[in-house]
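Peer 1: Residue numbers (this note's numbering): 154 to 469.
C-beta: ideal position from N, C-alpha, C; glycine also.
Right, dumping it as structure tokens:
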């Protein structure tokens, strides 16, 4: 990761745009949409270092290379984040390609290496995201405080919201039927509140295949994003582990220890993913014998990959 991604609040804060061309005006529109108080310095007067006083962010959109360098140096000396368009070496932050489904915002960056690729990815994401996804986020915001008060345990809240977004509540909210969505959410929240917190968890035995994260199945990727704990041996590819939810617990264990570990974690109510190159029937049998719910998710092997490439025309 070349740079640290974040979203900066500009509500009511000053932002500076240096340049009067079309690119500068497009950045002004973005900053105004984010609530910034924007000042523009164009060809009408020269830039002065005092223009940076009280500024939260500066963008330079001019073809004057000397001015680009001067604004960049002055901003960075004052600790003001600055972006010089198409000049990553002079910039302390990169402007991403943006998908706006307010309040849902997706930002894509290649670290300045390939802006055209970032724009292509933005187009793909825009096609994949439902236009009404912002409506779903606003609906969830209404109940956020109530859910936090009702479900004190973070894991319970996370599982609850997973069920909201994946189930009928989410579908109703996306469809615009907010009244029915509210009723369904309240029923689900009441059911979750009264559920037995000691209910055993579940173990998903996930095949990681030959170690290439691009070969993970969609289901395997989804399970990795929802796991409380991921159990694996030392041979597992680090690239596969990076696909998991960042705050999921990672446990490295010897193969002989793993069945016992899986049973103990499931009995503690954890949602567990056991990652291995191939799914082990022996581990599945041990879990079933202990009364633990288990699901087998086979991986994609090299042979299937070759078949896929042949059938799809990839690599021919």
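Looking at the structure shown, is residue 446 part of a helix, part of a strand, or coil, going by DSSP?
Peer 2: Here residue 446 is taken as the residue at index 293 of the chain shown, counted from 1. Residue 446 falls in the strand class under three-state DSSP.
Peer 1: Under the DSSP definition of a beta bridge, which residues are partnered with residue 169?
Peer 2: Walking along the chain shown from the start, residue 169 turns up at place 16. Residue 169 is bridged to 192 and 211.
Peer 1: Identify which residue in 249, 257 and 284 has its Cα closest to the Cα of residue 267.
Peer 2: As a working note, residue 267 is residue 114 in the chain shown. Of the candidates 249, 257 and 284, the one whose C-alpha sits nearest the C-alpha of residue 267 is 249.
Peer 1: So the candidates are 188, 184, 436 and 172; which of them puts its Cα closest to the Cα of residue 384?
Peer 2: Reading the chain shown from its first residue, position 231 is the one you call residue 384. Checked all of 188, 184, 436 and 172; the closest Cα to residue 384 is 436.
Peer 1: Determine the closest residue to residue 348 out of 333, 323, 373 and 313, with distance taken between C-alpha atoms.
Peer 2: Counted from its first residue, the chain shown places residue 348 at position 195. Comparing Cα positions, the closest option is 313.
Peer 1: Excluding the 5 residues flanking residue 317 on each side, which residues of the same chain have their C-beta closer than 8 Å to its C-beta?
Peer 2: Numbered from 1 along the chain shown, position 164 holds the residue referred to as residue 317. Correct list, in chain order: 293, 323, 338 and 341.
Peer 1: I need the straight-line Cα distance from residue 334 to residue 285, nearest angstrom please.
Peer 2: The residue given as residue 334 occupies position 181 in the chain shown. The residue given as residue 285 occupies position 132 in the chain shown. If you take the alpha carbons of residue 334 and residue 285, they lie about 14 Å apart.
Peer 1: In whole angstroms, what is the alpha-carbon distance linking residue 361 and residue 155?
Peer 2: Numbered from its first residue, the chain shown carries residue 361 at position 208. Numbered from its first residue, the chain shown carries residue 155 at position 2. So the alpha carbons of these two residues sit roughly 27 Å apart.
Peer 1: Out of 381, 303 and 451, point me to the one whose CA is closest to residue 358's CA.
Peer 2: Within the chain shown, numbered from 1, the residue matching residue 358 stands at position 205. Checked all of 381, 303 and 451; the closest Cα to residue 358 is 451.
Peer 1: Buried or exposed: residue 460, going by 16 or more other Cβ atoms within 10 Å of its Cβ?
Peer 2: The sequence position of residue 460 within the chain shown is 307, counting from 1. Confidence at residue 460 is low in this model, with a pLDDT of 39, below 50, so its placement is unreliable and no value can be given for it.
Peer 1: Counting along the chain, where does the alpha helix (DSSP H) carrying residue 410 start and finish?
Peer 2: Taking the chain shown and counting its residues from 1, the one referred to as residue 410 is at position 257. Element bounds for residue 410: n/a, residue is neither H nor E.
Peer 1: Alpha carbon to alpha carbon, how far is residue 273 from residue 280?
Peer 2: Reading the chain shown from its first residue, position 120 is the one you call residue 273. Reading the chain shown from its first residue, position 127 is the one you call residue 280. Near 11 Å, if we compare the C-alpha coordinates of residue 280 and residue 273.
Peer 1: Are residue 205 and residue 168 touching if we call contact CB-CB under 8 Å?
Peer 2: Position 52 of the chain shown, counted from the first residue, corresponds to residue 205. Position 15 of the chain shown, counted from the first residue, corresponds to residue 168. Not a contact, by the Cβ cut-off of 8 Å.
Peer 1: Can you look up residue 358 in the DSSP assignment and give me helix, strand or coil?
Peer 2: For the purposes of this step, residue 358 is taken as residue 205 along the chain shown, with counting starting at 1. Note: residue 358 maps to strand in three-state DSSP.
Peer 1: Could you pull out every unbroken alpha helix (DSSP H) segment of at least 4 residues lying fully inside the region 272-329, listed in chain order?
Peer 2: Counting whole runs of 4 or more residues, the region 272-329 contains the alpha helix (DSSP H) stretches 286-303, 307-319 and 321-327.
Peer 1: Of the residues 386, 262 and 433, which one's Cα is nearest the Cα of residue 271?
Peer 2: For the purposes of this step, residue 271 is taken as residue 118 along the chain shown, with counting starting at 1. Selected option, being the one with the closest Cα: 262.
Peer 1: Measure the alpha-carbon distance for residue 449 versus residue 432 and round it to whole angstroms.
Peer 2: To locate residue 449, count along the chain shown from 1; it is residue 296. To locate residue 432, count along the chain shown from 1; it is residue 279. Between residue 449 and residue 432, the C-alpha separation is close to 7 Å.
Peer 1: List the endpoints of the continuous alpha helix (DSSP H) containing residue 181.
Peer 2: Position 28 of the chain shown, counting from 1, holds the residue named residue 181. Start and end: 175-186.
Peer 1: Are residue 353 and residue 417 close, meaning C-beta to C-beta below 8 Å?
Peer 2: Position 200 of the chain shown, counting from 1, holds the residue named residue 353. Position 264 of the chain shown, counting from 1, holds the residue named residue 417. Taking 8 Å as the Cβ cut-off, residue 353 and residue 417 do not qualify as a contacting pair.
Peer 1: When we look at the beta-carbon of residue 185 and count the other beta-carbons within 10 Å, is it buried (16 or more) or exposed?
Peer 2: The sequence position of residue 185 within the chain shown is 32, counting from 1. It is exposed - the Cβ of residue 185 has fewer than 16 other Cβ atoms within 10 Å.
Peer 1: With 16 other CB atoms within 10 Å as the buried threshold, where does residue 407 fall?
Peer 2: As a working mapping, residue 407 is identified with position 254 in the chain shown. Its Cβ having fewer than 16 others within 10 Å, residue 407 is exposed.
Peer 1: Is it true that the CB of residue 207 sits closer than 8 Å to the CB of residue 188?
Peer 2: For this step, residue 188 is matched to residue 35 along the chain shown. For this step, residue 207 is matched to residue 54 along the chain shown. Going by C-beta atoms, residue 188 is not nearer than 8 Å to residue 207.
Peer 1: Helix, strand or coil: how does DSSP classify residue 253 here?
Peer 2: In the chain shown, the residue the question calls residue 253 occupies position 100. Here residue 253 sits in strand by DSSP.
Peer 1: Between residue 160 and residue 258, how many whole angstroms is the CB-CB distance? I'm expecting something under 8 Å.
Peer 2: Counting from 1 along the chain shown, the entry for residue 160 is found at position 7. Counting from 1 along the chain shown, the entry for residue 258 is found at position 105. Right, the Cβ-Cβ distance comes to about 7 Å (below 8 Å), so this counts as a contact.
Peer 1: Taking buried to mean at least 16 other C-beta atoms within 10 Å of its own C-beta, is residue 332 buried or exposed?
Peer 2: As a position in the chain shown, residue 332 is number 179, starting the count at 1. By the neighbour-count rule (16 or more Cβ atoms within 10 Å), residue 332 is not buried but exposed.
Peer 1: Compare the C-alpha of residue 219 against each of 237, 203, 230 and 233 and name the closest.
Peer 2: Walking along the chain shown from the start, residue 219 turns up at place 66. Of the candidates 237, 203, 230 and 233, the one whose C-alpha sits nearest the C-alpha of residue 219 is 237.
Peer 1: Ordered along the chain, which non-local residues of its own chain (more than five positions away) have a Cβ less than 8 Å from that of residue 327?
Peer 2: In the chain shown, residue 327 corresponds to position 174, counting from 1. For residue 327, where only same-chain residues beyond five positions count, the Cβ hits under 8 Å are 283, 285, 286, 288 and 289.
Peer 1: What does the Cβ neighbour count give for residue 380, buried or exposed, with the cut at 16 atoms within 10 Å?
Peer 2: Position 227 of the chain shown holds residue 380. Counting Cβ neighbours within 10 Å, residue 380 comes out buried, since at least 16 surround it.
Peer 1: Quick check on DSSP: helix, strand or coil for residue 429?
Peer 2: Taking the first residue of the chain shown as 1, we reach residue 429 at position 276. In this structure, residue 429 counts as strand in the three-state DSSP scheme.
Peer 1: Among 306, 217, 240 and 212, which residue has its Cα nearest to the Cα of residue 228?
Peer 2: Sequence index remark: in the chain shown, residue 228 carries index 75 (1-based). For the residues 306, 217, 240 and 212, the minimum Cα distance to residue 228 belongs to 212.
Peer 1: What are the start and end residues of each continuous alpha helix (DSSP H) run of 4 or more residues lying completely inside the region 352-404, in chain order?
Peer 2: DSSP runs (the alpha helix (DSSP H)) wholly in the region 352-404: 371-379 and 391-394.
Peer 1: Can you give me the C-alpha to C-alpha distance between residue 382 and residue 423, rounded to a whole angstrom?
Peer 2: Within the chain shown, residue 382 is the residue found at index 229, counting from 1. Within the chain shown, residue 423 is the residue found at index 270, counting from 1. Taking the straight line from one Cα to the other gives about 7 Å.
Peer 1: I'd like the span of the alpha helix (DSSP H) that includes residue 224, first residue to last.
Peer 2: If you number the chain shown from 1, residue 224 lands on position 71. Residue 224 -> alpha helix (DSSP H) spans 218-231.
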